[in-house]
Amino acid sequence: MVLNRRDFLFLASASISTMALGSFAKSTLAQSLNDGSEGPFELPPLPYDYNALEPYIDEETMRFHHDKHHAGYTKNLNKAVSKYPELASKSAEDIVRDINGVPADILVTVRNNGGGYVNHKMFWEIMSPNGGGTPTGAIATAITSAFGSFEAFKEQFNDAGAKQFGSGWAWLVLDSNKQLKVMGTANQDSPLMDGMYPVMGNDVWEHAYYLNYRNRRGEYLQQWWNVVNWTEVNKRYQQGMA
Amino acid sequence: MAYELPSLPYDYAALEPSISKSTLEFHHDKHHAAYVSKYNNAVKGTEFDSKSIEEVIKAIAGDASQTGLFNNAAQAWNHSFYWQCMKPNGGGTPTGELAKKIDVDFGSFDKFVEAFKNAGATQFGSGWAWLVLDGDSLKVTKTLNADNPITSGQVPLLTMDVWEHAYYLDYQNKRPAYIDDFLGKLVNWDFVAQNLAAA
Chain A
0 MVLNRRDFLF LASASISTMA LGSFAKSTLA QSLNDGSEGP FELPPLPYDY
50 NALEPYIDEE TMRFHHDKHH AGYTKNLNKA VSKYPELASK SAEDIVRDIN
100 GVPADILVTV RNNGGGYVNH KMFWEIMSPN GGGTPTGAIA TAITSAFGSF
150 EAFKEQFNDA GAKQFGSGWA WLVLDSNKQL KVMGTANQDS PLMDGMYPVM
200 GNDVWEHAYY LNYRNRRGEY LQQWWNVVNW TEVNKRYQQG MA
Chain B
0 MAYELPSLPY DYAALEPSIS KSTLEFHHDK HHAAYVSKYN NAVKGTEFDS
50 KSIEEVIKAI AGDASQTGLF NNAAQAWNHS FYWQCMKPNG GGTPTGELAK
100 KIDVDFGSFD KFVEAFKNAG ATQFGSGWAW LVLDGDSLKV TKTLNADNPI
150 TSGQVPLLTM DVWEHAYYLD YQNKRPAYID DFLGKLVNWD FVAQNLAAA
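For the record, the sequence lines run as chains A and B. Just so you know, numbering that gives the first Met the number 0 puts 137 at position 138 of the first sequence, and the rest follows in order with no gaps. Just so you know, numbering that gives the first Met the number 0 puts 177 at position 178 of the second sequence, and the rest follows in order with no gaps.
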């Protein structure tokens, strides 16, 4: 959305009185100020408070990561598809899945920003302040069957995250034969681009952990398991198998 | 042969407020040191052990079986070069032959600045922006992750690290502000001119 002066004054005066507002109103306000975009794709609000994942992921990191980085991908994706109405009517996941069908003049922009949009949308959902522990349900059985044990899976996943040189993601995916597999992707590439279904992914761009962990990506990878929302991961696994 | 981690050519706090002491401590003592030590461990006892790091970089560029060695070698080299491209109270404009050549090859210094800023801002993910001598002409280029222009026969004259670790503690997501400060306040144009003279 574009803020005109009247909106701005309204929001500015509203922010003065945020002390008096509930957290719902505050998060609505933050989103109005931060999505910064006009188009079919909306920046999804965080499903928990910015500080909810502390001490594993700090509030400042979450603010920059969601309000700046994810908002930036959203804005750039909207801008790129604005002259292609047939893309604007598709879901972001469908656009990314059919990345080679994207017009050449916006292909790189959509690869980077469409990938960034869907990856981060998934990322917020598969974390929770009540996360961690061990998986339950169908995903638990599937992980044990594919990797031997949960510990062996974690080790493979952390290894994929540690070895992803530069910016990128570590993933648990369902491949085209519906087999669980661990892999890494560079930058904002999504497994959807290669016909695979992302069950869960961890962001290993430095912006995901640098304020809190500095150069210690390995420590971030270890700690991240404390916030994994296994209920949501199980749901995604079942959607991917369906 | 073993590659030695060079000391910073200035104090850790010397580039403040543009680049903080903390950023330089992590960047030099952790990131750069790790690339150097991983390179030295990986090259030891191999057929490349007798070569200089530049020769190794050129020899294995593009070889998929040597990606790990290449990444650490190129990152070791890139960072050593990057430290020298900056100095306290740097920035400003180049002089002498370098200034003339920039005018001729880019049209003006401002045009060069625009091209260099654009290269740094549009390098998606991690990487580097460069001013290189390509044949007889100056060019601005950008490379992904560890990639380095010496692998394509170009002579690096100036580089700017745009990995997030280079600026995230000081600028967070605002990479363009880091780029502005790098050009306006940090570039060591004497070093760039020396590289051109030696090319």
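Idealized CB from N, CA, C, for every residue including glycine.
Beta-carbon gap between residue i and residue j smaller than 8 Å
i                      : j                      : result
residue 142 of chain A : residue 86 of chain A  : no
residue 123 of chain B : residue 159 of chain B : no
residue 209 of chain A : residue 81 of chain B  : no
residue 152 of chain A : residue 202 of chain A : no
residue 105 of chain B : residue 114 of chain B : yes
residue 126 of chain B : residue 143 of chain B : yes
residue 37 of chain B  : residue 71 of chain B  : yes
residue 127 of chain A : residue 49 of chain A  : no
residue 47 of chain B  : residue 60 of chain B  : no
residue 131 of chain A : residue 225 of chain A : yes
residue 188 of chain A : residue 114 of chain A : yes
residue 64 of chain A  : residue 206 of chain A : yes
residue 171 of chain A : residue 112 of chain A : no
residue 156 of chain B : residue 132 of chain B : yes
residue 159 of chain A : residue 183 of chain A : yes
residue 161 of chain A : residue 100 of chain A : no
residue 129 of chain A : residue 220 of chain A : no
residue 138 of chain A : residue 236 of chain A : yes
residue 198 of chain B : residue 154 of chain B : yes
residue 213 of chain A : residue 25 of chain B  : yes
Helix, strand or coil at residue i according to DSSP, with G and I counted as helix
i                      : result
residue 47 of chain A  : coil
residue 84 of chain A  : helix
residue 23 of chain A  : Because the pLDDT of residue 23 of chain A is 39, which lies under 50, any placement of that residue in the model is unreliable, and the number read from its coordinates should be weighed accordingly. Residue 23 of chain A: helix per DSSP, three-state reduction.
residue 67 of chain B  : helix
residue 34 of chain A  : Reliability fails at residue 34 of chain A, whose pLDDT of 46 lies under 50, so the model's placement of it is uncertain and no value is given.
residue 159 of chain B : strand
residue 141 of chain B : strand
residue 110 of chain B : helix
residue 20 of chain B  : helix
residue 183 of chain A : strand
residue 102 of chain B : helix
residue 136 of chain B : strand
residue 101 of chain A : coil
residue 0 of chain B   : coil
residue 28 of chain A  : For residue 28 of chain A, the predicted model reports a pLDDT of 42, less than 50, meaning its position is unreliable; a value from the coordinates is still stated below. Reduced to three states, the DSSP call for residue 28 of chain A is helix.
residue 130 of chain B : strand
residue 169 of chain A : strand
residue 183 of chain B : helix
For residue i, the first and last residue of its enclosing alpha helix (DSSP H)
i                      : result
residue 121 of chain A : 106-124
residue 58 of chain B  : 52-59
residue 146 of chain A : 137-146
residue 61 of chain A  : 58-61
residue 40 of chain B  : 32-42
residue 46 of chain B  : Taken as a continuous stretch (DSSP letters only), residue 46 of chain B belongs to no alpha helix (DSSP H), as it is neither H nor E.
residue 179 of chain B : 174-180
residue 170 of chain B : 167-170
residue 189 of chain B : 188-197
residue 151 of chain A : 149-162
residue 215 of chain A : No alpha helix (DSSP H) contains residue 215 of chain A, which DSSP labels as neither H nor E.
residue 149 of chain B : Premise fails: residue 149 of chain B is in no alpha helix (DSSP H) and is neither H nor E.
residue 92 of chain A  : 91-96
Of the listed residues the options, nearest to residue i (C-alpha basis)
i                      : options                       : result
residue 186 of chain B : B:50, B:73 and B:93           : B:93
residue 233 of chain A : A:74, A:82 and A:140          : A:140
residue 41 of chain A  : A:83, A:119, A:191 and A:106  : A:119
residue 149 of chain B : B:3, B:192, B:129 and B:88    : B:129
residue 0 of chain B   : B:46, B:56, B:176 and B:51    : B:51
residue 215 of chain A : B:154, B:33 and B:73          : B:33
residue 35 of chain B  : B:173, B:3, B:9 and B:44      : B:3
residue 74 of chain B  : B:56, B:62, B:90 and B:89     : B:56
residue 241 of chain A : A:173, A:230, A:102 and A:190 : A:173
residue 99 of chain B  : B:39, B:7, B:66 and B:111     : B:111
residue 90 of chain A  : A:108, A:38 and A:56          : A:38
residue 194 of chain A : A:94, A:45 and A:227          : A:94
residue 191 of chain A : A:231, A:137, A:227 and A:110 : A:110
residue 197 of chain A : A:163, A:238 and A:218        : A:238
residue 55 of chain A  : A:45, A:217, A:156 and A:222  : A:222
residue 186 of chain A : B:116, B:163 and B:147        : B:163
residue 41 of chain B  : B:24, B:64, B:19 and B:26     : B:64
residue 183 of chain B : B:11, B:53, B:139 and B:18    : B:18
residue 83 of chain B  : B:44, B:197 and B:188         : B:188
residue 152 of chain B : B:135, B:43, B:173 and B:10   : B:135
Host beta strand (DSSP E) of residue i (start-end)
i                      : result
residue 201 of chain A : 196-202
residue 232 of chain A : First-last for residue 232 of chain A: 229-240, but that is the alpha helix (DSSP H), not the beta strand (DSSP E).
CB contact below 8 Å: residue i versus chain E
i                      : result
residue 205 of chain A : In the displayed structure, chain E is absent; the protein chains listed are A and B.
Contact test: residue i Cβ vs the ligand FMN heavy atom, cutoff 7 Å
i                      : result
residue 163 of chain A : Only the bare structure without any ligand can be found here, which leaves the ligand FMN out of the picture.
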